[in-house]
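So the sequence lines, in the order shown, correspond to chains A and B. Heads up, the numbering used here is the position in the first sequence plus 1, with the first residue counted as 1. Heads up, the numbering used here is the position in the second sequence plus 1, with the first residue counted as 1. Every residue, glycine too, gets a C-beta built ideally from N, C-alpha and C. Read the structure below first, then the notes.
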Amino acid sequence: MNREDFPLLKEEIIYFDNGATSLKPKCVIDKMVDYYTNYPANAHRGDYDLSYKVDREYESTRELVKDFINAQYLEEIVFTSGATESLNMITNGFFANLLEPGDEVLITTSEHASNVLPWFNLANKKGIKISYIPLDNNYYVTIDNLKRVIKPETKVISIAGITNVIGDIRPIKEICKLAHENNIFVVVDGAQMVPHMKVDVQDLDVDFLAFSAHKMCGPTGVGVLYGKKELLEHLEPIILGGGMNESFDNPSEVILSELPTRLEAGTRNIAGVIGFGEAIKYLNKIGMDNIHKQEISLRKYLIDKLLPLKYIDIINIESDSGIVTFNVSGVFSQDVAYYLNKYNICVRAGNHCAKILKSSVGVNNTVRVSLYFYNTFEEIDSLVELLSDYDKIIKEMI
Amino acid sequence: MDKEQSREIIMENYLHPQNRDLPHDGYDAVNTRNESCIDNINLYIKWNEDVLEDIVFDGEACAVSISSTSIMIKNLIGKKAGEALEYIKEFYRMTSGDDFNQELLGDACCYEEVSKQGNRKVCANLPLKGIEKAILEKLK
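Pasting the structure below:
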């Protein structure tokens with residue numbers, strides 16, 4: 002779908018590393034070049050036309066994001082550098098002030114480092130407890146398993162909407178319902194979810210959501226922190242400086258700006274935010290449901306082709322996203338990636354920043370194919386053809 | 002060394018590595034891993050004065066890292082700390098694409114091409130970074 006929109010896809014390259022970052026359509030690149038070429042002023046700074054245009058473009062992305070995830074208020078959309086920064090702001094700016102020693106945060110072993118390390122840090126500093134929701138045989142989170150581990154001291158559930166290795170879609174709406182019945186906050190790492198399916202924060206009733214622009218056809222260095230307005234009001238800025246204050250005369254007389262500006266100190270990644278707006282328009286044009294449907298078709302096609310290859314161990318046969326994780330028997334994952342690279346196929350090898358997942362899956366390193374709507378069945382044929390010749394893999398893996 | 006010969010040496014050392022074993026008593030341990038966190042090797046070193054009397058390893062890594070560990074172990078056992086550091090320096094010269102002493106490196110010359118292969122350079126150098134750390138620690 003829409004391959005003609007991506008300059009890189011005119012080259013002889015097969016890009017299957019969309020979980021790491023997506024390709025950028027020309028309209029997004031052009032939009033950023035337009036900013037740098039024709040109105041490269043700062044935002045919220047000047048009373049002149051160029052700066053006013055920057056303000057309008059920057060703030061129009063906020064509107065686009067609000068509608069894209071169906072947030073209730075514009076003030077609930079904060080621009081960050083990416084999902085990692087968003088999650089760190091949530092843990093350090095909100096929960097660090099709220100949680101008491103002994104309070105429990107539930108995560109899972111399949112979380113990305115950015116949804117593990119901020120909590121570990123808080124555990125070390127504040128004495129909170131980190132526990133894990135047990136995964137079922139498919140490495141899924143189930144409501145039954147969640148019910149079993151919720152305790153009176155459980156205060157937060159922080160999980161990915163879709164995980165970056167297994168690719169399972171978590172039942173976020175049901176998790177939020179159960180959590181809120183027990184006065185538990187829910188933080189969702191949406192880095193792998195928001196780019197791939199329709200997300201409605203009001204319908205899901207999540208308290209916080211973090212995601213990155215670069216995984217959804219947007220530029221690097223831009224992300225979103227969504228939080229319910231009444232919660233964001235209590236999120237303390239962890240970065241202070243220009244653009245986020247009303248006045249300051251001495252330490253006891255500092256007045257900060259309203260939301261969301263209060264949480265966007267300094268000059269932001271203006272070109273990135275403006276480019277992100279174009280990316281959202283682009284995705285809206287294709288339609289998130291169409292994107293999700295295409296990924297599922299591609300995934301099914303790939304799984305059906307890989308299953309007959311007995312020396313390939315697929316970690317996540319069952320999954321409703323575009324992520325397929327596997328190992329080739331007797332070949333280290335990095336060597337598989339190196340072999341495929343010889344044929345201009347880009348896949349990821351390693352632990353994909355989910356380092357505690359090995360305790361559940363029993364495998365340290367894997368090859369990951371992560372699909373997006375612009376991938377094709379023919380590209381999958383090329384991949385499978387290369388993986389179908391075991392002797393060739395062994396011969397050409399170094 | 003031609004490509005086919007290099008490939009044979011690398012595969013032989015990957016499939017049948019020298020001294021891949023569990024740690025023994027009386028050995029110093031050093032871990033070495035690369036930035037992308039995939040290759041992860043533990044080296045265990047037995048010293049006799051300043052001589053590397055024995056080296057064994059365990060861990061998980063790609064073909065290039067495992068084979069490089071095996072070849073390094075074969076080539077460094079019996080060397081004095083200073084000689085080993087010279088060997089390591091020469092290996093780095095080779096993997097950086099500089100002129101190097103082929104005689105000193107012996108069959109480790111099979112990695113000459115990695116200087117053109119991005120990440121593979123890191124994989125080949127990995128065990129040498131580990132042993133270098135252990136030697137410098139010993140010489141402190």
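Rounded C-alpha distance that separates residue i from residue j
| i | j | result |
| --- | --- | --- |
| Val31/B | Glu54/B | 16 angstroms |
| Ile316/A | Phe69/A | 32 angstroms |
| Tyr88/B | Leu105/B | 7 angstroms |
| Val117/A | Asn376/A | 31 angstroms |
| Gln295/A | Phe374/A | 6 angstroms |
| Val207/A | Val332/A | 41 angstroms |
| Glu9/B | Asn120/B | 20 angstroms |
| Phe7/A | Lys148/A | 45 angstroms |
| Met90/A | Glu265/A | 11 angstroms |
| Glu138/B | Val52/B | 14 angstroms |
| Ile1/A | Met198/A | The structure shown does not extend to residue 1/A, since chain A spans only 2 to 399, so no value can be given for it. |
| Ser115/A | Leu241/A | 22 angstroms |
| Leu384/A | Lys359/A | 26 angstroms |
| Ser87/A | Tyr227/A | 8 angstroms |
| Lys286/A | Asn251/A | 50 angstroms |
| Val255/A | Pro102/A | 30 angstroms |
| His215/A | Lys230/A | 25 angstroms |
| Leu210/A | Gly98/B | 47 angstroms |
| Asp3/B | Val364/A | 36 angstroms |
| Val187/A | Asp392/A | 48 angstroms |
| Gln118/B | Lys343/A | 11 angstroms |
| Phe17/A | Ile39/B | 19 angstroms |
| Ser253/A | Pro172/A | 45 angstroms |
| Leu86/B | Pro119/A | 40 angstroms |
| His45/A | Asp56/A | 6 angstroms |
| Asp22/B | Ile56/B | 10 angstroms |
Other residues of its chain near residue i: CB distance less than 7 angstroms, five sequence neighbours each side excluded
| i | result |
| --- | --- |
| Thr70/B | Pro18, Ile42, Phe58, Pro128 |
| Lys51/A | Strictly speaking, residue 51/A in this sequence is Leu, with Lys absent from that position. Excluding sequence neighbours, Leu51/A sits near Tyr40, Ala42. |
| Met429/A | Nothing can be reported for residue 429/A, as the shown portion of chain A is limited to 2 through 399. |
| Asn76/B | Tyr88, Gly107, Ala109 |
| Lys122/B | Thr96, Val115, Ser116 |
| Ile275/A | Lys32, Met33, Tyr36, Glu58, Tyr59, Thr62 |
| Tyr339/A | Met398 |
| Phe121/A | Ile131 |
Residues near residue i in its chain [Cβ-Cβ closer than 8 angstroms; skip 5 each side]
| i | result |
| --- | --- |
| Thr367/A | Val166, Ile316, Thr326, Phe327, Asn328, Ser334, Ala350, Gly351, Asn352, His353 |
| Leu136/A | Thr109, Thr110, Ser111, Val142, Asn146, Ser361 |
| Ser61/A | Gly278 |
| Gly131/B | Val31, Asn32, Thr33, Ile42, Leu44 |
| Gln203/A | Asn71, Ala72, Gln73 |
| Leu123/A | Thr92, Asn93, Phe96, Ala97, Leu100, Val106, Ile129 |
| Ile381/A | Leu299, Tyr302, Leu303, Lys306 |
| Lys80/B | Val52, Leu53, Tyr88 |
Cβ neighbour criterion (16 or more within 10 Å) applied to residue i
| i | result |
| --- | --- |
| Leu26/A | Before going further, note that residue 26/A is Pro rather than Leu in the sequence given. Buried, by the Cβ-count rule. |
| Ser68/B | buried |
| His25/B | exposed |
| Leu269/A | Note on residue identity: the sequence assigns Arg, not Leu, to residue 269/A. Buried: at least 16 other Cβ atoms inside 10 Å. |
| Lys126/A | exposed |
| Gln103/B | exposed |
| Phe92/B | buried |
| Asn345/A | exposed |
| Tyr140/A | buried |
| Glu58/A | buried |
| Gly47/A | exposed |
| Tyr37/A | exposed |
| Leu16/B | exposed |
| Ser322/A | buried |
| Gln193/A | buried |
| Ser159/A | buried |
The ligand MG heavy atom lying under 7 angstroms from the CB of residue i
| i | result |
| --- | --- |
| Glu58/A | Although the ligand MG was asked about, the structure shown includes no ligands whatsoever. |
Proximal residues to residue i (C-beta, below 6 angstroms), its chain only, five neighbours per side dropped
| i | result |
| --- | --- |
| Ile151/A | Asn183 |
| Gly94/A | Leu236, Glu237, Ile239 |
| Lys134/B | Val31 |
| Leu299/A | Leu372, Asn376 |
| Lys67/A | Leu75, Ile78 |
Distance between beta carbons of residue j and residue i, contact taken as under 8 angstroms
| i | j | result |
| --- | --- | --- |
| Ile185/A | Val157/A | 6 angstroms |
| Gly273/A | Gly222/A | 5 angstroms |
| Ile74/B | Ile399/A | With a Cβ gap of about 19 angstroms, Ile74/B and Ile399/A do not count as contacting. |
| Cys111/B | Ser66/B | That pair is no contact at about 14 angstroms. |
| Ala64/B | Ile136/B | That belief does not hold up - the Cβ atoms of Ala64/B and Ile136/B are roughly 25 angstroms apart, past 8 angstroms. |
| Arg369/A | Val348/A | 6 angstroms |
| Gly243/A | Gly224/A | About 20 angstroms; that fails the 8 angstroms criterion. |
Would the region 66–86 of chain A count as touching the region 130–139 of chain A if we require 3 or more Cβ pairs under 8 angstroms? no
Assess, as a yes-or-no matter, whether the region 49–67 of chain A is touched by the region 246–256 of chain A under the definition of 3 or more beta carbon pairs within less than 8 angstroms. no
The region 301–309 of chain A touching the region 385–395 of chain A, judged by at least three CB pairs closer than 8 angstroms: yes
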